[in-house]
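Residue numbers (the working numbering): 44 to 302.
Every residue gets a Cβ at the ideal spot worked out from N, C-alpha and C, and that includes glycine.
Bear in mind that the values here come from a model prediction, so they are computed numbers and not experimental data.
Data block below; observations after.
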């Protein structure tokens, strides 16, 4: 068990969790979402709108295929986007008033450490985008059309593209594992407790390693739900993002305990 001393507060312990608890997190997240539907769905609509606009812009300039690495990169920084949803769940749990101004104010009060964590995730996202471009350049000549329809026909659906897709998946998978491990519990901890980024990341990595079977399933659940949210022209993200964000708060709470 990892024990972190947090200033004058009691130590924070990493607890064991089971795969069966994932359904409890989703149920708790669903309840939180409908206890504050305007705020929760509002944040979901905001992020879904950003995704929709980005897709339209990339498609308009003939680079729609870049949506794939950008969408995957978004999942790397997902914990940063979900921080407002964590705060809603935290306030519902503690009985504090829940409003847009209260949520934003508390998050901004923690902006220093949360911003540092966000910077780390942004760097991982940039590394993923750069790695994706390098892998693409290794398999395809310069000037390859990047329009979405052309990319699907000439790259994704061709049998000879298997090596490219495998290489891209492996590279992206490594970065995704790193981003997930360092942030899944670190971001909500930074929101709730007076800890530094390194301390929160160390706790998150240890908790993920200790519960790796459960966390593999949870990461896959998040990825699948996010994928289907994006596949519905981003409309599904209005519901998926707040559900995942609230559920992730309850996953964190089970890991650190509810005392």
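- Query: Quick one: is residue 104 buried, meaning 16 or more other Cβ sit within 10 Å of its Cβ, or exposed?
  - Reply: For this step, residue 104 is matched to residue 61 along the chain shown. Exposed, by the Cβ-count rule.
- Query: On the three-state DSSP scale, how would you describe residue 56?
  - Reply: Residue 56 sits at position 13 when you count from the first residue of the chain shown. Looking at residue 56 - three-state DSSP - the assignment turns out to be strand.
- Task: Taking residue 87 and residue 284 to be in contact with their CB atoms under 8 Å, please state how far apart those CB atoms are, rounded to whole angstroms.
- Result: On the chain shown, residue 87 is found 44 positions in, with the first residue counted as 1. On the chain shown, residue 284 is found 241 positions in, with the first residue counted as 1. Between residue 284 and residue 87 the Cβ distance is about 4 Å, and since that is below 8 Å, they are a contact.
- Query: Would the stretch 272-281 and the stretch 80-97 be scored as touching if the rule is three or more Cβ pairs under 8 Å?
  - Reply: yes
- When the Cα of residue 135 is compared with those of 83, 260 and 156, which residue comes out closest? The count along the chain shown starts at 1 and reaches residue 135 at position 92. That would be 83, whose Cα lies nearest to the Cα of residue 135.
- Report yes or no: do the stretch 264-274 and the stretch 245-253 share at least 3 C-beta pairs separated by less than 8 Å? no
- Message: Count Cβ pairs between the stretch 169-181 and the stretch 229-236 that sit closer than 8 Å; are there 3 or more?
- Response: no
- Query: Where residue 291 and residue 115 are concerned, what is the direct C-alpha to C-alpha distance, given to the nearest angstrom?
  - Reply: As a first step, residue 291 must be located in the chain shown, where it is residue number 248. As a first step, residue 115 must be located in the chain shown, where it is residue number 72. C-alpha separation (whole angstroms): 18 Å.
- Completely contained alpha helix (DSSP H) runs for the stretch 98-174, where each covers 4 or more residues: 110-119, 121-124, 126-137 and 143-152
- Message: DSSP three-state label for residue 287, please.
- Response: The residue labelled residue 287 in the question sits at position 244 within the chain shown. Of the three classes helix, strand and coil, the one that applies to residue 287 here is helix, per DSSP.
- residue 99 to residue 57, Cα distance in whole Å? To locate residue 99, count along the chain shown from 1; it is residue 56. To locate residue 57, count along the chain shown from 1; it is residue 14. Going by the C-alpha atoms only, they are around 43 Å apart.
- Query: If we call anything under 8 Å between Cβ atoms a contact, is residue 150 one with residue 79?
  - Reply: In the chain shown, the residue the question calls residue 150 occupies position 107. In the chain shown, the residue the question calls residue 79 occupies position 36. No, Cβ-Cβ distance for residue 150 and residue 79 is not below 8 Å.
- Boundaries of the alpha helix (DSSP H) in which residue 231 is found, first to last residue: The residue given as residue 231 occupies position 188 in the chain shown. Its alpha helix (DSSP H) spans residues 229-235.
- Query: If you draw a straight line from the alpha carbon of residue 49 to that of residue 159, how long is it in whole angstroms?
  - Reply: Stepping through the chain shown from its first residue, residue 49 is reached at position 6. Stepping through the chain shown from its first residue, residue 159 is reached at position 116. Confidence at residue 49 is low in this model, with a pLDDT of 47, below 50, so its placement is unreliable and the value that follows should be read with caution. If I take the Cα positions, the gap works out to 18 Å.
- Go through its chain and collect everything with a Cβ distance to residue 224's Cβ below 7 Å, but skip five positions before and after it. Residue 224 sits at position 181 when you count from the first residue of the chain shown. Cβ neighbours of residue 224 beyond the five flanking positions: 247, 248 and 251.
- Query: For residue 295, does the three-state DSSP call read helix, strand or coil?
  - Reply: The residue labelled residue 295 in the question sits at position 252 within the chain shown. Reduced to three states, the DSSP call for residue 295 is helix.
- Message: Assuming contact is defined by CB atoms lying nearer than 8 Å, are residue 65 and residue 264 in contact in what I supplied?
- Response: Residue 65 sits at position 22 when you count from the first residue of the chain shown. Residue 264 sits at position 221 when you count from the first residue of the chain shown. Yes, the pair counts as a contact, with Cβ atoms nearer than the cut-off.
- Helix, strand or coil: how does DSSP classify residue 183 here? Within the chain shown, numbered from 1, the residue matching residue 183 stands at position 140. Coil at residue 183, not helix or strand.
- Message: Please classify residue 137 as buried or exposed, where buried requires at least 16 neighbouring CB atoms within 10 angstroms.
- Response: Here residue 137 is taken as the residue at index 94 of the chain shown, counted from 1. So residue 137 counts as exposed.
- Query: For residue 254, which of helix, strand or coil comes out of DSSP?
  - Reply: The residue given as residue 254 occupies position 211 in the chain shown. It is coil, neither helix nor strand.
- Task: Report the three-state DSSP secondary structure of residue 80 (helix, strand or coil).
- Result: Working through the chain shown from its first residue, we reach residue 80 at position 37. Helix at residue 80.
- Within 10 angstroms of the Cβ of residue 121, are there 16 or more other Cβ atoms? Answer buried if so, exposed if not. On the chain shown, position 78 is the one that residue 121 refers to. Classification of residue 121: buried, given that the 10 Å Cβ count is 16 or more.
- Task: Give the range of the alpha helix (DSSP H) segment to which residue 207 is assigned.
- Result: One-based indexing of the chain shown puts residue 207 at position 164. Unbroken alpha helix (DSSP H) run through residue 207: 205-226.
- residue 139 burial status per 10 Å Cβ neighbour count (16 or more: buried): Translated into positions along the chain shown, residue 139 becomes position 96. Exposed, by the Cβ-count rule.
- Just how far apart, CA to CA, sit residue 75 and residue 210? Here residue 75 refers to the residue found at position 32 of the chain shown. Here residue 210 refers to the residue found at position 167 of the chain shown. Approximately 39 Å between the Cα atoms of the pair.
- Hey, would you say residue 97 sits closer than 8 Å to residue 113, going by beta carbons? Working through the chain shown from its first residue, we reach residue 97 at position 54. Working through the chain shown from its first residue, we reach residue 113 at position 70. For residue 97 and residue 113, yes; Cβs fall inside 8 Å.
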